[in-house]
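Everything on this sheet refers to the single structure shown next.
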Amino acid sequence: MRSMSRLFSRFFLLACLCFVCFASHAQVPAQAYVAGQIDLMEGDVRIFDQQNTRRTSKVGDKVYEGDSIVTGTNGEIHMTMEDQGFIAVRPNTKMRIVQYRAEGDNEDKGVIGLLVGSMRSITGWIGKYHPKSYSINTPTATIGIRGTDHEPKVIPEGSSEGDAGTYDKVNAGGSFINTPHGSVDVTPNHAAFAPHNGRVAPRMLAAVPQFFRP
227 MRSMSRLFSR FFLLACLCFV CFASHAQVPA QAYVAGQIDL MEGDVRIFDQ
277 QNTRRTSKVG DKVYEGDSIV TGTNGEIHMT MEDQGFIAVR PNTKMRIVQY
327 RAEGDNEDKG VIGLLVGSMR SITGWIGKYH PKSYSINTPT ATIGIRGTDH
377 EPKVIPEGSS EGDAGTYDKV NAGGSFINTP HGSVDVTPNH AAFAPHNGRV
427 APRMLAAVPQ FFRP
């Protein structure tokens with residue numbers, strides 16, 4: 227009887243240890259992919275991880291899939307991405323690296339969320355070899371690319387900068403702005419616009435707006 231009791235006690239202890247180990251392992255989040263590295267960081271720049279916890283960062287540090295970046299009126303950050311692309315986040319911007327996987331295979335993908343503000347994106351090998359897997363999503367539109375150097379911008383309602391909506395200026399290559407109401411291709415040295423109300427199709431602009439940098 228004592229032998230059975232000892233055996234049961236040992237089994238129960240082992241089961242408890244296994245459960246604790248499993249629970250501890252289950253609480254560890256999967257490692258996020260490295261998305262890029264900080265090359266320049268000036269002014270008010272705040273970086274938050276997937277749990278919305280602010281992380282102290284400096285030039286040379288990594289940024290990860292799931293990170294959010296917020297810049298103030300004097301803030302700017304430049305990053306070299308893992309696929310050798312480049313992203314510059316301009317002042318007064320909120321963006322998120324939704325997905326960024328650059329492992330050199332067919333699963334590579336880049337998805338950026340731009341909530342407000344502006345950025346410049348020069349795509350790397352994801353844009354070159356998997357253009358359908360790279361996009362920039364705004365509150366009212368999706369910007370797709372064709373191996374591109376371009377500058378997306380989102381102006382919110384009530385801003386004095388211009389009409390509210392999604393803009394995209396192309397410096398080289400090509401992009402397109404897509405909404406539920408239509409799509410427009412953007413060619414070099416031109417800009418297009420999708421209004422915030424989302425009830426009309428995006429359109430090419432007669433001239434590049436002055437708020438874009440030269």
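Just so we're aligned, residue 227 is where the sequence shown starts under the working numbering, counting upward by one.
Ideal Cβ placement from N, Cα and C applies to all residues, glycine included.
DSSP, read as helix, strand or coil, puts Pro357 in helix. When the Cα atoms are used, Val434 and Asp293 turn out to be separated by approximately 31 Å. Partner residues in the beta bridge of Phe312, as assigned by DSSP, are Thr306 and Ile348.
When the Cα atoms are used, Asn415 and Lys395 turn out to be separated by approximately 7 Å.
The C-alpha of Asn318 is placed about 5 Å away from the C-alpha of Gly298. Residue burial annotation: Ala398 is exposed, with fewer than 16 other C-beta atoms found within 10 angstroms of its C-beta. Per DSSP, the continuous beta strand (DSSP E) segment holding Asp411 begins and ends at Gly408 to Val412. Residue pairing by DSSP places Ser401 opposite Ile371 and Val412 in a beta bridge. The beta carbon of Lys354 sits closer than 7 Å to those of Gly373, all from its chain and outside the five residues before and after it, given in chain order.
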